[in-house]
Amino acid sequence: MSRVNLKTPLSTSTERAVREFKVKWVGYDDLTWEPASNLSCGGLLYDYLREKRRDRRLQMVQVADDD
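For the sequence shown, the residue numbers in full-length UniProt numbering are 1 to 67.
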C-alpha cells in the first residue's frame with residue numbers, strides 16, 4: 001500500500017457527486033485525483049478541510065475590511 005505524502009491533499013474537487021482530493025504520493029511524480037474512500041488518512045483530510053475553511057473565512061473578512 002502506498003503512503004500519502006504529508007503535503008497532501010493539494011486541492012479538492014466537488015464537481016462530481018463524490019468529493020475527490022488531488023494527492024501527491026510518496027515515491028511517485030504524478031498527482032492523482034482520488035475519492036476520499038480510497039484514502040486511509042481521515043485525520044489529514046479533516047485537518048486540510050478545516051484549514052481550507054479557515055483560510056476562506058479570513059479572505060472574506062479581508063475583502064469586507066477593504067470595502
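Glycine included, each C-beta is placed from N, C-alpha and C at the ideal position.
For residue i, the first and last residue of its enclosing beta strand (DSSP E)
| i | result |
| --- | --- |
| valine 23 | 20-24 |
Cross-strand partners of residue i (DSSP beta bridge)
| i | result |
| --- | --- |
| leucine 31 | Lys24 |
Own chain, CB closer than 7 Å to residue i, minus 5 neighbours either side, in chain order
| i | result |
| --- | --- |
| lysine 7 | For lysine 7, the pLDDT reaches just 47, beneath the cut-off of 50, and the residue's location in the model is therefore unreliable, although a value from the coordinates is still provided. Taken in chain order, the residues that qualify are Lys24. |
| residue 76 | This structure does not reach residue 76, given that the chain is present from 1 up to 67, and the question cannot be answered. |
Contacting residues, own chain, Cβ-Cβ under 8 Å from residue i (five flanking each side not counted)
| i | result |
| --- | --- |
| serine 2 | In this prediction, serine 2 scores a pLDDT of 46, lower than 50, which makes its location untrustworthy; the coordinate-derived value is nonetheless stated afterwards. Cβ neighbours of serine 2 beyond the five flanking positions: Trp25, Val26, Gly27, Tyr28. |
Neighbourhood of residue i by C-beta distance below 6 Å, restricted to the same chain and skipping five residues each side
| i | result |
| --- | --- |
| tryptophan 33 | Glu20, Lys22 |
| leucine 31 | Lys22, Lys24 |
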